[in-house]
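In my numbering, the protein residues as written are 6 to 346.
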């Protein structure tokens with residue numbers, strides 16, 4: 006039996022894919038398989054995948070019509086023979102000892118999940134910045150241990166992502182953890198399903214993953230007409246998870262912060278350069294976002310001091326709370342003009 010199955014969904018990343026695959030094949034731990042799922046990529050990705058499969062018998066390639074990363078990862082899980090599963094994004098890369106260190110911890114603690122740190126590699130045309138995201142080492146043996154620590158881990162931006170975690174395959178199968186068909190946010194929703202029953206989690210304070218941000222192709226920077234709706238659905242699932250645990254009072258502020266962040270993302274999306282709505286339509290849309298039931302309820306609970314981020318973010322929330330839509334619209338329009346000047 007293979008110890009670790011590494012699943013990589015591949016789509017329109019021919020520039021970055023070789024770096025990703027090379028970083029996997031040069032791991033110090035050798036007992037793994039790589040499942041490259043070509044999600045109908047229109048560029049040379051399929052050809053690159055096949056070339057690696059010919060060079061290394063640990064690499065297998067699955068070709069599928071374009072269905073999104075969720076379907077690609079599910080296909081990878083269907084093929085996976087490993088005791089553990091690791092998900093890697095095709096435009097990022099990993100440190101050589103990622104598998105060795107985290108497999109050792111998973112075996113030692115009989116862990117259902119090992120969580121480790123990563124770097125946000127923020128790259129623009131003029132500069133680059135590396136921001137570490139890490140945890141303090143600990144073993145969370147019971148579901149109660151994990152749920153008590155969850156809030157602090159969530160605030161560290163550790164819990165959304167797939168690629169800073171090693172998963173036990175049997176746990177995923179036992180709890181029917183699979184990806185949805187959403188084009189955005191399916192990794193977060195997958196993890197919420199995993200967290201529902203999770204115990205035996207080891208937190209590893211070392212950093213092994215390099216996550217590249219601010220590329221023009223990044224989903225974080227893309228305009229999506231349905232971005233607010235997707236985030237709204239994510240938050241409903243998040244709140245459902247917390248309520249199911251019975252931690253709704255303990256994590257009340259965390260839930261409010263997530264709803265406020267969703268509003269902020271939704272409003273900013275309207276001022277993306279690819280948004281073709283007229284000014285009047287944008288004002289109406291802002292009004293509808295503010296009036297969304299969960300947003301409206303949580304705006305009542307938030308104060309200026311509680312809003313994290315720059316002054317413009319605080320102003321955005323304060324004006325939304327007081328339903329000053331026109332003033333908010335012109336503030337954000339001015340900010341966009343200044344940024345593009």
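Ideal Cβ placement from N, Cα and C applies to all residues, glycine included.
#1: So is residue 47 buried or exposed if we call it buried at 16+ other beta carbons inside 10 Å?
#2: Whose C-alpha, out of 334, 124 and 147, is nearest the C-alpha of residue 138?
#3: What's the call for residue 202, buried or exposed, on a 16-neighbour Cβ count within 10 Å?
#4: With a 10 Å radius around its C-beta and 16 neighbouring C-beta atoms as the bar for buried, classify residue 222 as buried or exposed.
#5: When you compare only the Cα positions, how much space is there between residue 233 and residue 243?
#6: Specify, as a first and last residue, the run of the alpha helix (DSSP H) that residue 34 falls within.
#7: Using the Cα positions of residue 349 and residue 334, report the straight-line distance between them to the nearest angstrom.
#8: For residue 63, which option in 31, 157, 246 and 181 has the closest C-alpha, if you only look at C-alpha atoms?
#9: Within 10 angstroms of its Cβ, does residue 181 collect 16 or more other Cβ (buried), or is it exposed?
#10: What does the alpha-carbon distance come out to for the pair residue 109 and residue 209?
#11: Where do the N-terminal and C-terminal ends of the alpha helix (DSSP H) with residue 316 fall, by residue?
#12: Since residue 251 is in the alpha helix (DSSP H), which residue starts that stretch and which ends it?
#13: Comparing alpha-carbon positions, which option in 314, 321 and 254 lies nearest residue 271?
#14: When the distance is taken between beta carbons, is residue 170 closer than 9 angstroms to residue 119?
#15: Below 6 angstroms CB to CB, which residues in the same chain sit around residue 12 once its five sequence neighbours on both sides are set aside?
#16: Can you give me the Cβ contacts of residue 188 inside the same chain, cut-off strictly under 6 angstroms, excluding the 5 residues immediately before and after it?
#17: Taking C-beta to C-beta, are residue 60 and residue 7 nearer than 9 angstroms?
#18: Kindly indicate which three-state DSSP category residue 127 falls into: helix, strand or coil?
#19: How far does the alpha helix (DSSP H) with residue 228 in it extend, from its first residue to its last?
#20: Taking 7 angstroms as the limit between beta carbons, can you name the residues of its chain near residue 294, skipping five residues before and five after?
#21: Against chain B, does residue 211 count as a neighbour if the rule is that its beta carbon must be under 9 angstroms from one of theirs?
#22: Taking 9 angstroms as the threshold (C-beta atoms), are residue 265 and residue 238 in contact?
#23: Within 10 Å of its beta-carbon, does residue 10 have 16 or more other beta-carbons around it, so buried, or fewer, so exposed?
#24: How about residue 160 and residue 259: do their beta carbons lie closer than 9 angstroms?
#25: With a threshold of 16 other CB atoms inside 10 Å of the CB of residue 163, please say whether the residue is buried or exposed.
#26: Between the Cα of residue 196 and the Cα atoms of 149, 246 and 154, which residue gives the shortest distance?
#27: If we ignore side chains and look at the alpha-carbon of each, how far apart do residue 253 and residue 157 end up?
#28: With distance defined between alpha-carbon atoms, name the residue in 281, 211 and 44 nearest to residue 18.
#29: What would DSSP say about residue 165, mapped onto helix, strand or coil?
#30: Just the Cα atoms here: how many angstroms apart are residue 211 and residue 314?
On the basis of the supplied data:
#1: On the chain shown, residue 47 is found 42 positions in, with the first residue counted as 1. Residue 47 is exposed by the Cβ-count criterion.
#2: Looking up residue 138 in the chain shown gives position 133. Closest option to residue 138, Cα to Cα, is 124.
#3: Walking along the chain shown from the start, residue 202 turns up at place 197. When all chains shown are included, residue 202 counts as exposed.
#4: Position 217 of the chain shown holds residue 222. Because residue 222 carries a pLDDT of 49, less than 50, the predicted location of this residue cannot be relied on, and no value is offered for it.
#5: Along the chain shown, read from residue 1 onward, the residue named residue 233 stands at position 228. Along the chain shown, read from residue 1 onward, the residue named residue 243 stands at position 238. Cα-Cα distance, rounded: 15 angstroms.
#6: Residue numbering aside, residue 34 sits at position 29 when the chain shown is read from its first letter. Counting along the chain, residue 34 falls outside any alpha helix (DSSP H), and DSSP gives it neither H nor E.
#7: Residue 349 lies beyond the stretch modelled for the chain, which goes from 6 to 346, so this question has no answer here.
#8: Start at 1 with the first residue of the chain shown, and residue 63 comes out as number 58. Ranking 31, 157, 246 and 181 by Cα distance to residue 63 puts 31 first.
#9: One-based indexing of the chain shown puts residue 181 at position 176. That one is exposed.
#10: Counting from 1 along the chain shown, the entry for residue 109 is found at position 104. Counting from 1 along the chain shown, the entry for residue 209 is found at position 204. Distance between the alpha carbons of residue 109 and residue 209 is about 11 angstroms.
#11: Translated into the one-based positions of the chain shown, residue 316 becomes position 311. Counting along the chain, the alpha helix (DSSP H) containing residue 316 begins and ends at 316–326.
#12: Within the chain shown, residue 251 is the residue found at index 246, counting from 1. Under the DSSP assignment, residue 251 falls outside any alpha helix (DSSP H); it carries neither an H nor an E label.
#13: One-based indexing of the chain shown puts residue 271 at position 266. Checked all of 314, 321 and 254; the closest Cα to residue 271 is 321.
#14: Locating residue 119 in the chain shown gives position 114, where the first residue counts as 1. Locating residue 170 in the chain shown gives position 165, where the first residue counts as 1. Yes, the Cβ-Cβ distance between residue 119 and residue 170 is below 9 angstroms.
#15: Against the chain shown, residue 12 aligns to sequence position 7. Closer than 6 angstroms at the Cβ level, and outside the excluded window around residue 12, lie 40, 78, 81 and 92.
#16: Residue 188 sits at position 183 when you count from the first residue of the chain shown. The answer, listed in chain order, is 73.
#17: By one-based count along the chain shown, residue 60 stands at place 55. By one-based count along the chain shown, residue 7 stands at place 2. No, these two residues do not count as a Cβ contact at 9 angstroms.
#18: Numbered from its first residue, the chain shown carries residue 127 at position 122. Three-state DSSP puts residue 127 in a strand.
#19: Looking up residue 228 in the chain shown gives position 223. Looking at the DSSP string, residue 228 is not in any alpha helix (DSSP H), and its letter there is neither H nor E.
#20: Residue 294 sits at position 289 when you count from the first residue of the chain shown. Cβ within range, chain order: 233, 268, 271, 272 and 300.
#21: Absent here is chain B; the protein component of the structure consists of one chain.
#22: As a first step, residue 238 must be located in the chain shown, where it is residue number 233. As a first step, residue 265 must be located in the chain shown, where it is residue number 260. The answer is no: Cβ separation not under 9 angstroms.
#23: Your numbering for residue 10 matches position 5 in the chain shown. Its Cβ being crowded by 16 or more others within 10 Å, residue 10 is buried.
#24: Stepping through the chain shown from its first residue, residue 160 is reached at position 155. Stepping through the chain shown from its first residue, residue 259 is reached at position 254. It is a contact, given that the beta carbons lie within the stated cut-off.
#25: Here residue 163 refers to the residue found at position 158 when the chain shown is read from its first residue. Residue environment: residue 163 is assigned as buried (16 or more neighbouring CB atoms within 10 Å of its CB, all protein chains considered).
#26: For this step, residue 196 is matched to residue 191 along the chain shown. With distances taken between Cα atoms, residue 196 lies closest to 246.
#27: As a working mapping, residue 253 is identified with position 248 in the chain shown. As a working mapping, residue 157 is identified with position 152 in the chain shown. Between residue 253 and residue 157, the C-alpha separation is close to 15 angstroms.
#28: Taking the chain shown and counting its residues from 1, one reaches residue 18 at position 13. Closest by alpha carbon: 44.
#29: In the chain shown, counting from the first residue as 1, residue 165 sits at position 160. Here residue 165 sits in coil by DSSP.
#30: Translated into positions along the chain shown, residue 211 becomes position 206. Translated into positions along the chain shown, residue 314 becomes position 309. Approximately 27 angstroms between the Cα atoms of the pair.
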